[in-house]
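So for the sequence shown, our numbering puts the first residue at 1; every next one is plus one.
Right, one structure below, let's go through it.
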Amino acid sequence: MSRPGSPRTASIRRSTSESTVELEIDLDGTGRSHIDTTVPFFDHLLTAFAKHSLTDLTVRASGDTDIDAHHTVEDVAIVLGQAIREALGDKSGISRYGDALVPLDEALAQAVVDISGRPYLVHDGEPAGYELHLIGGRFTGSLVRHTFEAIAFNAGLTVHVRVLAGRDPHHIAEAEYKAFARAFRQAKALDPLIEGVPSTKGAL
């Protein structure tokens with residue numbers, strides 16, 4: 001059980017025939033990160049997530065990127081979701097909900113997060129054909145939605161992400177991740193006015 005003042009941290013290692021992932025997280029950090037997934041654009045997105053969610057994050061990953069970046073990126077997202085769930089503990093005292101609207105030049109994205117314990121993702125608004133774009137040489141646009149799905153389902157989050165405007169694939173992906181980070185930052189924050197778990201059911 002988590003208690004006010006107790007560390008909200010997790011350390012997880014996952015190894016399969018496709019990838020090896022080592023991840024450490026501190027939900028009460030300052031946004032420090034050391035990310036090496038061997039997929040540079042995904043490193044960029046995770047660094048933005050750590051910075052804007054005020055989460056300390058260390059990720060070391062390797063995998064069969066000679067085949068495709070998909071397996072490594074997916075497995076990192078799975079482990080990140082598992083680590084978030086573990087670090088949140090019983091969720092006592094959290095704000096639970098977060099909402100953020102983030103621009104990046106011509107791109108605009110909104111994210112809403114509920115630390116609900118009920119995994120769900122609603123993701124829409126990316127331009128037609130976005131999923132086929134190759135960003136940074138290895139990262140396809142389809143992986144943006146896929147990583148949100150893996151994070152949400154493994155962390156037990158309800159997540160809504162909407163792209164409201166955007167043309168440049170890099171800007172769209174980064175705006176989505178920054179919006180998610182800012183919404184998660186609000187949701188995970190400890191609220192001194194909340195006693196116990198913020199749910200009428202008494203559990204999240």
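Ideal Cβ positions, reconstructed from N, Cα and C, are used throughout, including at glycine.
For L143, the enclosing alpha helix (DSSP H) begins and ends at S142 to A155.
Boundaries of the alpha helix (DSSP H) around P169: P169 to K188.
Of the residues L80, E176 and A77, the one whose Cα lies closest to the Cα of P103 is E176. The secondary-structure analysis by DSSP pairs A128 with nothing; it has no beta-bridge partner. Annotation: V122 to A10 spans about 27 Å, alpha carbon to alpha carbon.
Under the criterion of beta carbons closer than 8 Å, L27 and I35 do not qualify as touching, at roughly 17 Å.
Short of 7 Å from the beta carbon of G125, and not among the five residues preceding or following it, lie these beta carbons of its own chain, in chain order: R162, V163 and L164. DSSP, read as helix, strand or coil, puts A100 in strand. Under DSSP, T58 shares a beta bridge with E24 and H34. The beta carbons of A87 and R14 sit about 16 Å from each other, so the pair does not count as a contact at 8 Å.
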